[in-house]
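Note that this note's numbering numbers the sequence shown so that position 646 is 1068, with each residue one more than the last.
Every residue gets a Cβ at the ideal spot worked out from N, C-alpha and C, and that includes glycine.
If you're wondering where the values come from, they're calculated on a predicted model, not measured in any experiment.
A short worksheet on the structure shown next.
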Amino acid sequence: MTDPTAFPDDGRPERPRDGSPVDPALPPSFPPANPPAPRHTSSRPTRPWQEASGSRPSENAAPDAAPDAPLDGEDQATGAAEPDAGAAEAAASADVEAGSGSAAGSPADAVRRTSLGRGSIVMTLGTVASRASGLIRSMLLVACVGALGTVADAFDIANKLPNMLFALISAGVLQAVLIPQILRAMNARNSRERLDKLLSITGLGLLLLTAVLVVAAPLIVWFYTTSPQWTPEARHLATVFAYWCIPQVFFYGLYMLLGQVLNAQGRFGAYGLAPVANNIVSLVGFGAFLLVWGTAPGGGISDLSTWTTAQTSLLAGTATLGIAAQAVVLVVALRRTGFQWRFRLGLHGIGLRSAGTVVGWTIGSVVLEQLGILYLTNVLGDAARTAEAAGDLAAGNAAYTQAMTIYLLPHSLVVVSIITVLFPRMTAAVHAGNLDAVRADMSLGMRSAGVFSVFSTAALAVLAVPLTDALLPSLSPEEVAGIAPIIQAMSLGLVALGATVMVRRMYFAFEDGRSIFVIQVIATVSMVAVLWAAISFLPVTWWAVAGGGAYAVSTWISLLLRVRGMRHKLHGIDGRRVMRLYVRATIGAGVAALLGWLTVRLMDGYVVTSWGHSVLVTSVAGIVMMLGYVLSLKVLRVRELDDALAPVLRRIKR
């Protein structure tokens, strides 16, 4: 039996020893002045998709939102990294506490009982497995095509297109309309019929839309390669890659949709573990590529006369087959829960009308975001091709993608796990109209995430060079020198990243798409303006670094504006307590950064000599920084650190 008090500072009472359930969405001030009517539960648990009777939720109830699926805008800034929610297989039975002596209840009840500490630790362990295999995948991909050069950039653009295109579909249709209806459908009287219709309509729509996008591949690629520095041959290669990669849109959609059905049951394991299947397929495919054609030369591949159709097919086909594999894993996982899907068409009675008001604003905000990414992609392509024409090397799209992958590691390993476990609980509180619980959970989430994200910022800034070489051993020193500064520039926005994703989802919970759109206008304009100013004065070799800095600036602007709006909605967000944590954590991170920098300098870690040396420097300096940070937070009496470590320490003691 896992301990439900994983994060004791979350303001929730412990479960009474008599076995009666406690609603963890309620703040310490419970009972409220106007308590909601009690929920009626059956003495016998039923699966949410069974034709069971029950009260139909209000059509005006706020929607549940998805965990970090492919391309929440802040998470996957360029659509570069593979989606990875991160969870462990054991979560299927351990991540939701149904309550001692109580009925299983509805999915809404389950998510409101989810323990943040237990769930986030379990998910983090799963994410480690997924990210570890993902890093090996990245190593092999870089070995195949390099991080610089025409082939690497062409494949990167084509492989990012499904993510970028899915971002529009995800935010405009799935997250804003269909995903929020899943929890409602599972609580409805005709739950099985509603779920069948939702899955059938979405699957058919995704299939048709993917077919249209494949046909439009040449036009889509042209938009991302408008620079005159792209030769017809290079653009053609990117288009052929796109024909292979765009079908991933369908499998991304299937993965996300089925994942939400599982998550609505409190089963996070399969959704996070599925990317491991993608990585395994990629390891086999990319490994076969290396066995046949060997590794890419230093500086990448720019002579397209040496590139063959067989290489294109194996490289891009492997990427798409991997995404298909992770979707199939969820199909199997869902069937194991007892869900029997039946193809049904029809719009009547599935509750889409109430969510339609947010769609237009949501699509508009994602379109704006993608326009900013479109501009960035063209700037990076122009920089790489211009430097290449002059006989020089400059970081382009592929290098930026690898930098983004490393930058997102701490966010996806810990912060995403916290948000994914905590957010359904917050949404359940919104459903109940309990703003006190929403404020308590938001404060808890921002403080818990802050403990990790502040340290991660310091670690990425100090260890960028040895860490890049350690994670991508096939890179040449020139490629490491091109990627590391991008990571350092991005790291300035890491603290804001997790917080702004959480706050953004709360806007979805309140069905406020208009505010998201307005804030996105300002964020996109700021990113484009900073990047335009930078490329007007900096040489092409610094344009990718400027892109990372522009992204960090826009992330902070998004956070400040979103927090301001959410403070108004919630009548406060526990700002003083949150700021006190971030100030203390920043002091601790400063101490850790100084110790880490001295360690790297003493070990001559900023000079790339060998992979073993980089691994040693990263390990030693990382341990020194971690110890310095933990000791500093202990001295500063940061209770959130104790709360974060409590579940781990309890497991060790057992």
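Practice task
Please work out which residues of its chain come closer than 6 Å, Cβ to Cβ, to residue 456, disregarding the five sequence neighbours upstream and downstream, and give them in chain order.
Solution key: Here residue 456 refers to the residue found at position 34 of the sequence shown. No answer about residue 456 holds up, because its pLDDT of 41 lies below 50 and its placement is not dependable.
Handout entry: Proximity to residue 724 [Cα-Cα], best of 1056, 814, 646
Key = By 1-based counting over the sequence shown, the position of residue 724 is 302. If we check each option's Cα against that of residue 724, 814 comes out closest.
Exercise for the section: Check the C-beta distance from residue 693 over to residue 588 and give it rounded, since I have them as a contact under 8 Å. Expected result: Here residue 693 refers to the residue found at position 271 when the sequence shown is read from its first residue. Here residue 588 refers to the residue found at position 166 when the sequence shown is read from its first residue. No, residue 693 and residue 588 are not in contact; Cβ-Cβ is about 16 Å, not under 8 Å.
Practice task
With DSSP as the reference, label residue 978 as helix, strand or coil.
Solution key: In the sequence shown, the residue the question calls residue 978 occupies position 556. The answer is helix: DSSP assigns residue 978 an H, G or I state.
Handout entry: Spatial neighbours of residue 865 in its chain, beta-carbon cut-off 8 Å, leaving aside the 5 residues before and after
Key = Sequence index remark: in the sequence shown, residue 865 carries index 443 (1-based). Here the set comprises 995, 996, 999, 1000.
Problem - N- and C-terminal bounds of the alpha helix (DSSP H) containing residue 1035 - result: Counting from 1 along the sequence shown, the entry for residue 1035 is found at position 613. Here the alpha helix (DSSP H) through residue 1035 covers 1033-1057.
Practice task
Excluding the 5 residues preceding and the 5 following residue 988 in the sequence, name in chain order all residues of the same chain whose CB lies nearer than 7 Å to its CB.
Solution key: Position 566 of the sequence shown, counting from 1, holds the residue named residue 988. Excluding sequence neighbours, residue 988 sits near 925, 928, 995.
Practice task
Tell me whether the beta-carbon of residue 639 lies closer than 8 Å to the beta-carbon of residue 656.
Solution key: Taking the first residue of the sequence shown as position 1, residue 639 is located at position 217. Taking the first residue of the sequence shown as position 1, residue 656 is located at position 234. Against a cut-off of 8 Å, the Cβ pair of residue 656 and residue 639 comes out as no contact.
Handout entry: Beta-carbon proximity of residue 790 to residue 562, cut-off 8 Å
Key = For the purposes of this step, residue 790 is taken as the residue at position 368 of the sequence shown. For the purposes of this step, residue 562 is taken as the residue at position 140 of the sequence shown. In this structure, residue 562 does not lie closer than 8 Å to residue 790 by Cβ.
Practice task
Specify the secondary structure class of residue 856 as computed by DSSP and reduced to three states.
Solution key: Position 434 of the sequence shown, counted from the start, is the residue given in the question as residue 856. If DSSP states are grouped into helix, strand and coil, residue 856 belongs with coil.
Exercise for the section: Look at the Cβ atom of residue 677, then the Cβ atom of residue 557, and state whether they are nearer than 8 Å. Expected result: Your numbering for residue 677 matches position 255 in the sequence shown. Your numbering for residue 557 matches position 135 in the sequence shown. Result no, Cβ atoms of residue 677 and residue 557 do not sit closer than 8 Å.
Problem - Option in 740, 817, 734, 670 with minimal Cα separation from residue 749 - result: By one-based count along the sequence shown, residue 749 stands at place 327. Selected option, being the one with the closest Cα: 670.
Practice task
Run the CB neighbour count on residue 1018, radius 10 Å, all protein chains shown included, and call it buried at 16 or more, exposed below.
Solution key: Translated into positions along the sequence shown, residue 1018 becomes position 596. Classification for residue 1018: buried.
Exercise for the section: Please classify residue 730: is it buried, with 16 or more other beta-carbons within 10 angstroms of its beta-carbon, or exposed? Expected result: As a first step, residue 730 must be located in the sequence shown, where it is residue number 308. With fewer than 16 other Cβ atoms within 10 Å, it is exposed.
Exercise for the section: Whole angstroms is fine: what's the gap from residue 945's alpha carbon to residue 713's? Expected result: Mapped onto the sequence shown, residue 945 falls at position 523. Mapped onto the sequence shown, residue 713 falls at position 291. Rounded to the nearest angstrom, the two C-alpha atoms are 45 Å apart.
Problem - Endpoints, alpha helix (DSSP H) assigned at residue 1025 - result: Taking the first residue of the sequence shown as position 1, residue 1025 is located at position 603. Premise fails: residue 1025 is in no alpha helix (DSSP H) and is neither H nor E.
Practice task
Return helix, strand or coil for residue 1003, following the three-state DSSP convention.
Solution key: Working through the sequence shown from its first residue, we reach residue 1003 at position 581. In this structure, residue 1003 counts as helix in the three-state DSSP scheme.
Practice task
Would you check if the distance between the CB atom of residue 974 and the CB atom of residue 915 is smaller than 8 Å?
Solution key: Locating residue 974 in the sequence shown gives position 552, counting from the first residue. Locating residue 915 in the sequence shown gives position 493, counting from the first residue. Contact: yes.
Practice task
Out of 985, 560, 1044, state which residue places its alpha-carbon closest to the alpha-carbon of residue 881.
Solution key: Against the sequence shown, residue 881 aligns to sequence position 459. When each option's Cα is compared against that of residue 881, the closest is 1044.
Practice task
Less than 8 Å between the CB atoms is what I'm expecting for residue 979 and residue 948, so what's the real figure, rounded?
Solution key: As a working mapping, residue 979 is identified with position 557 in the sequence shown. As a working mapping, residue 948 is identified with position 526 in the sequence shown. Going by Cβ atoms, the distance from residue 979 to residue 948 rounds to 5 Å, so yes, they are a contact pair.
Handout entry: Where the alpha helix (DSSP H) containing residue 666 begins and where it ends
Key = One-based indexing of the sequence shown puts residue 666 at position 244. Residues 654-667.
Exercise for the section: Taking only runs that begin and end inside the segment 889-972, name each unbroken alpha helix (DSSP H) of 4 or more residues, in chain order. Expected result: 899-913, 916-931, 935-959
Handout entry: Contacts around residue 378, its chain only, beta-carbon distance under 7 Å, and the 5 residues preceding and following it disregarded
Key = The structure shown does not extend to residue 378, since the chain is modelled only from 423 through 1076, so no value can be given for it.
Problem - Beta-carbon gap between residue 560 and residue 799 smaller than 8 Å - result: In the sequence shown, residue 560 corresponds to position 138, counting from 1. In the sequence shown, residue 799 corresponds to position 377, counting from 1. Not in contact: residue 560 and residue 799 (Cβ atoms no closer than 8 Å).
Handout entry: Within 8 Å, strictly: CB atoms of residue 1077 and residue 567
Key = Beyond the ends of the chain as shown, which are 423 and 1076, falls residue 1077; an answer cannot be given.
Handout entry: Straight-line Cα distance separating residue 578 from residue 633
Key = Start at 1 with the first residue of the sequence shown, and residue 633 comes out as number 211. Start at 1 with the first residue of the sequence shown, and residue 578 comes out as number 156. The straight-line gap from Cα to Cα measures roughly 21 Å.
Exercise for the section: Let me know the secondary structure DSSP gives residue 719 once reduced to three states. Expected result: Within the sequence shown, numbered from 1, the residue matching residue 719 stands at position 297. Correct three-state label for residue 719: coil.
Practice task
Taking all protein chains shown into account, decide if residue 993 is buried (16 or more other Cβ within 10 angstroms of its Cβ) or exposed.
Solution key: Working through the sequence shown from its first residue, we reach residue 993 at position 571. Classification for residue 993: exposed.
Handout entry: residue 729, DSSP secondary structure in three states
Key = One-based indexing of the sequence shown puts residue 729 at position 307. Reduced to three states, the DSSP call for residue 729 is coil.
Practice task
Please name the residue in 812, 804, 830, 811 whose C-alpha comes closest to that of residue 818.
Solution key: Numbered from its first residue, the sequence shown carries residue 818 at position 396. Of the candidates 812, 804, 830, 811, the one whose C-alpha sits nearest the C-alpha of residue 818 is 804.
Problem - residue 801 beta carbon less than 8 Å from that of residue 953 - result: The residue you call residue 953 lines up with position 531 of the sequence shown. The residue you call residue 801 lines up with position 379 of the sequence shown. Yes, the Cβ-Cβ distance between residue 953 and residue 801 is below 8 Å.
Exercise for the section: Let me know if residue 1059 comes out buried or exposed under the rule of 16 or more other beta-carbons within 10 Å of its beta-carbon. Expected result: Stepping through the sequence shown from its first residue, residue 1059 is reached at position 637. Burial call: exposed.
Handout entry: Straight-line Cα distance separating residue 584 from residue 630
Key = In the sequence shown, the residue the question calls residue 630 occupies position 208. In the sequence shown, the residue the question calls residue 584 occupies position 162. Using only the alpha carbons, I get a separation of about 15 Å.
Handout entry: Buried versus exposed, by CB contacts within 10 Å (16 or more), residue 964
Key = For the purposes of this step, residue 964 is identified with residue 542 of the sequence shown, where counting begins at 1. Classification for residue 964: buried.
Problem - C-beta contact flag for residue 651 and residue 823 at 8 Å - result: Looking up residue 651 in the sequence shown gives position 229. Looking up residue 823 in the sequence shown gives position 401. No; because the gap between Cβ atoms is not below 8 Å, this pair is not in contact.
Practice task
For residue 893, count neighbouring C-beta atoms within 10 Å of its own C-beta (all shown protein chains included) and say buried if the count is 16 or more, exposed if not.
Solution key: One-based indexing of the sequence shown puts residue 893 at position 471. The residue is buried, with at least 16 neighbouring Cβ atoms inside 10 Å.
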